[in-house]
Amino acid sequence: MLSNLFSPIRIGSMTSKNRLMMSAMSINFGVDNNCCVTDQLIEYFVQRAKGGVGMMLVGGGGVHPGGQELPDLPQMYTDDCIPALKKMVQQIKPYGTLFGVQLMHGGRQSYLPQKVAPSPIPAPAVVKGEVRALEIHEIKELVACFGDSARRCREAGFDFIELHGAHGYLINQFMAPNSNIRTDEYGGSFENRTRFLFEIIADIQAKTKKDLPIGIRINGNDYIENGWTLEDTVKLAPLLESAGIVYLHVSGGVYGSTELTIPSMYTPHGCFVHLAEEVKKHVTIPVITVGRIKHPDHADDIIKQGKADMVAMGRSFLADPFYPEKAKKGDFEQIRPCIGCCLGCIHAVLAKEPGSCVANPDVGREYKLKSEKPPEHSLKILVAGAGPAGMAAARQFALQGHKPIVCEKKPESGGLLALASTAPGRGELNDILEFFKQELKRLAVEVRYNTELSLDLINGINPDKVILATGSLPDMPVIKGLFQTKMDLATNIDVISGKEPVGNKVVVLGGGMTGLITADFLADQGKQVVVLNRKKSFAEEMSSNDRYYLRERLNKETVSLYKNVSIKQFTDNGVVFKANGEEITLTGFDSVVISEKQSAIRDAKELEGKTTALFHLIGDAKTPRHLMYCISEAEEIARSAY
691 MLSNLFSPIR IGSMTSKNRL MMSAMSINFG VDNNCCVTDQ LIEYFVQRAK GGVGMMLVGG
751 GGVHPGGQEL PDLPQMYTDD CIPALKKMVQ QIKPYGTLFG VQLMHGGRQS YLPQKVAPSP
811 IPAPAVVKGE VRALEIHEIK ELVACFGDSA RRCREAGFDF IELHGAHGYL INQFMAPNSN
871 IRTDEYGGSF ENRTRFLFEI IADIQAKTKK DLPIGIRING NDYIENGWTL EDTVKLAPLL
931 ESAGIVYLHV SGGVYGSTEL TIPSMYTPHG CFVHLAEEVK KHVTIPVITV GRIKHPDHAD
991 DIIKQGKADM VAMGRSFLAD PFYPEKAKKG DFEQIRPCIG CCLGCIHAVL AKEPGSCVAN
1051 PDVGREYKLK SEKPPEHSLK ILVAGAGPAG MAAARQFALQ GHKPIVCEKK PESGGLLALA
1111 STAPGRGELN DILEFFKQEL KRLAVEVRYN TELSLDLING INPDKVILAT GSLPDMPVIK
1171 GLFQTKMDLA TNIDVISGKE PVGNKVVVLG GGMTGLITAD FLADQGKQVV VLNRKKSFAE
1231 EMSSNDRYYL RERLNKETVS LYKNVSIKQF TDNGVVFKAN GEEITLTGFD SVVISEKQSA
1291 IRDAKELEGK TTALFHLIGD AKTPRHLMYC ISEAEEIARS AY
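So for the sequence shown, my numbering puts the first residue at 691; every next one is plus one.
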């Protein structure tokens, strides 16, 4: 089973025990005030090495303070970093994982007030601010910085390094015509635009005596006008092999590209595999592919078909550090899945916050949890609600050694998340629900369906604690004419569940995540949709990566989006509102779908005080919010139960 994925591979002077790489991620935690690594980052990597991955990389290793991508990433630009790096390497060694550092300079994509780049051209998206063109002597200094940083990595004991030549960072900026308009020896021709990269390789080899293997992450395509292309990569790849590079890690996209570097659930799995497949035809060194590769059998098939020699995953190893071990055993259902929401891993990091994971709240807390002790006494827990929060809580209670029982008033589990997963492109939301269902089954947690929480139920079970995870429902706003209109009135839940059919011309009230998903659901059926958003921005609660793809889906003639709307009144067959200072009247509509706020369901809270059990609210029953908070506080309540 998975014999291709779990076969060893020779990479330069190294041998990886399997074909899985944990790609470098800028996780933005685990460093001190001098950006030297701490126990937090060390234990984060230790857990993933324990999980059985063949190779893994420290992300965002800064080679110069002026090119730090994010404020809390590890630095490699002074010898002060070496002792902590040595400590980290020593703790990884026992697990047989090849451990490397990705060296990078952010260039114009650095989160710094003063940015440098090949040319004074600002980044096309995400990072704002003026950019200064590097002088020749500064370019030479940066070449030396890469070499010095690699030497430090070698002294710390790392097995290899990877140069970040992709995703619009400095090396990529030199190579791409749209970011490099220099007229000296570093600009213009293909040879000149790649000169910076080859000088870096030579400097590293000189300073490490050529005994530190060098890989490179490179774009197969920038997916932006006048950017680096697959044709360029195919031309460059054999030259890199001749220069001594031991592997090519092929990715795609830059800030502002049409295909995002870190795509969301809307993107097909294996979205960059075709790039690696083409590059592999032109070199003999191993080629690594990446891009929404999630399922073990998919990864194995990529290797089997010869499309790549290794598969890199990032977010899947955030969601489950033990992905390789479980995959190798065939325990696929026990792998906690990445759902491609990009919220904790990307959205938080781009906001300069510590990285995390919606599916796995333990990310960044590994160093605290490793000393966690089992409870002294087993508690009996009654969980009301089998949505994501309820199931997450029940699972964690069981893992802690307690005895949870779940009651669910409906005949199935999943709550509103199960409904949301039926919308176009949102199917992977169901993956986390299936994971929790399988986990409750594996842990022998009793789930009573068609069972509403009642005093009789509580008295019959006699729990120590009652966890209310009863969810939420759409809130009905009070707007002039809304309840007098002759248009059909429904909620987003009614519409997506199919309970209430709507006409061909629909007004969706609400431009948050649920509003846009509802609009997409209706537009996918060929209906004409107008979205009225009373806030200043659309779907602020979504990650920018996820929202980008949803907005692209809504970019069609049958959908109109209005934000910062002030509604004057609903009429018999339309609505009068103001947007951008202009009064607009819409007529001829059939239906209004309410998709604004959610209200917590707390009816069962009335039972508190009628029993000796302690009550706790979690998830939407506490406050309607994003899935990240639901799962994290569900697991936290279980860990703090004693």
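No residue lacks a Cβ here, since even glycine has one placed at the ideal position from N, Cα and C.
Please read all numbers here as calculations on a predicted model, not as lab measurements.
Inter-residue CB distance, residue i and residue j (contact presumed, cutoff 8 Å)
i	j	result
E1098	T1141	7 Å
M778	F735	7 Å
A1049	C1028	6 Å
E1231	G1202	6 Å
Y945	V816	4 Å
I978	A1002	5 Å
M794	V753	7 Å
D849	G934	Actually they are not in contact, since the Cβ atoms of D849 and G934 sit about 16 Å apart, beyond 8 Å.
V1198	V1137	The pair is not a contact, with the Cβ atoms about 34 Å apart (cut-off 8 Å).
S1006	K971	In fact, because the Cβ distance is near 27 Å, the residues do not count as touching under 8 Å.
I772	R842	6 Å
L1008	C1047	4 Å
Q863	S800	Between S800 and Q863 the Cβ distance is about 11 Å, and since that is not below 8 Å, they are no contact.
T1175	T1261	7 Å
F1087	A1328	4 Å
Counted within 10 angstroms of its Cβ, other Cβ atoms place residue i as buried (16 or more) or exposed
i	result
D838	buried
V969	buried
I871	exposed
T873	exposed
Y767	buried
K997	buried
P1167	exposed
F880	exposed
T787	buried
I826	exposed
A856	buried
T884	buried
S809	buried
K886	The residue asked about is misnamed: residue 886 is Phe in this sequence, not Lys. Flag for F886 reads buried.
Y876	buried
F1267	buried
G1045	buried
Those residues which DSSP pairs with residue i across a bridge
i	result
A807	A823
E1272	A1269
D1178	S1281
R1315	According to DSSP, which records beta bridges pairwise, R1315 is partnered with nothing at all.
L1307	L1158
G905	E852, Y937
M712	M746, M1003
L1199	L1222, I1284
T705	R700
N1140	BP columns for N1140 are empty, so no partner.
L1072	I1095, V1156
L692	The partner list for L692 (beta bridge, DSSP) is empty, contrary to what the question assumes.
P1167	According to DSSP, P1167 bridges with nothing at all.
S1289	L1163
Q792	E852
F1260	V1265
G910	Answer is none; G910 lacks a bridge partner.
Any chain B beta carbon closer than 8 Å to residue i
i	result
C843	Judged by its chain identifiers, the structure shown contains no chain B, having just a single protein chain.
Problem - Three-pair Cβ contact test at 8 Å for the stretch 1122-1135 versus the stretch 1276-1293 - result: no
Problem - Validate contact between the stretch 1238-1254 and the stretch 949-956 using beta carbons, cut 8 Å, 3 pairs - result: yes
Practice task
Indicate whether the contact test is met: 3 or more Cβ pairs, each with one atom in the stretch 1057-1070 and one in the stretch 1108-1115, closer than 8 Å.
Solution key: no
Problem - beta strand (DSSP E) runs wholly inside the stretch 821-873, at least 3 long, in chain order - result: Annotation note: the stretch 821-873 contains the following uninterrupted beta strand (DSSP E) runs of length 3 or greater, listed N- to C-terminal: 821-823, 850-855.
Problem - Uninterrupted beta strand (DSSP E) stretches inside the stretch 717-790 (no shorter than 3 residues) - result: 745-752
Problem - Three CB pairs or more closer than 8 Å across the stretch 745-754 and the stretch 1069-1088 - result: no
Practice task
Mind the definition here: the stretch 694-713 touches the stretch 926-945 only if three or more C-beta pairs lie below 8 Å; say whether that holds.
Solution key: yes
Practice task
Quick one: which unbroken alpha helix (DSSP H) runs of 4-plus residues sit fully inside the stretch 1074-1132? Chain order, please.
Solution key: 1078-1089, 1105-1110, 1119-1132
Practice task
Entirely within the stretch 1205-1256 and at least 3 residues each: give me those beta strand (DSSP E) ranges in chain order.
Solution key: With a minimum length of 3 residues, the continuous beta strand (DSSP E) runs that stay inside the stretch 1205-1256 are 1218-1222, 1249-1252.
Exercise for the section: Could I get the ranges of all uninterrupted beta strand (DSSP E) runs contained in the stretch 976-1005, with 3 residues as the minimum, in chain order? Expected result: Fully enclosed beta strand (DSSP E) runs of 3 or longer: 977-979, 1000-1003.
Problem - Sequence ranges, alpha helix (DSSP H) only - wholly within the stretch 1034-1069, length at least 4 - result: 1056-1059
Problem - the stretch 922-938 in contact with the stretch 904-914 per 3-pair CB rule at 8 Å - result: Counting Cβ pairs under 8 Å, three or more are found: they touch.
Problem - the stretch 1217-1228 in contact with the stretch 1131-1138 per 3-pair CB rule at 8 Å - result: no
Exercise for the section: Decide if the stretch 807-825 is in contact with the stretch 891-902; the criterion is three or more beta carbon pairs, one per stretch, under 8 Å apart. Expected result: no
Problem - the stretch 1082-1095 / the stretch 1150-1160 touching (three or more Cβ pairs under 8 Å) - result: yes
Practice task
Count the CB pairs spanning the stretch 1211-1226 and the stretch 1245-1255 that are closer than 8 Å, and state whether there are at least three.
Solution key: Under the 8 Å Cβ criterion, the stretch 1211-1226 counts as touching the stretch 1245-1255, having at least three qualifying pairs.
Exercise for the section: With a floor of 3 residues, list each beta strand (DSSP E) that falls wholly inside the stretch 952-979, ordered by position along the chain. Expected result: 977-979
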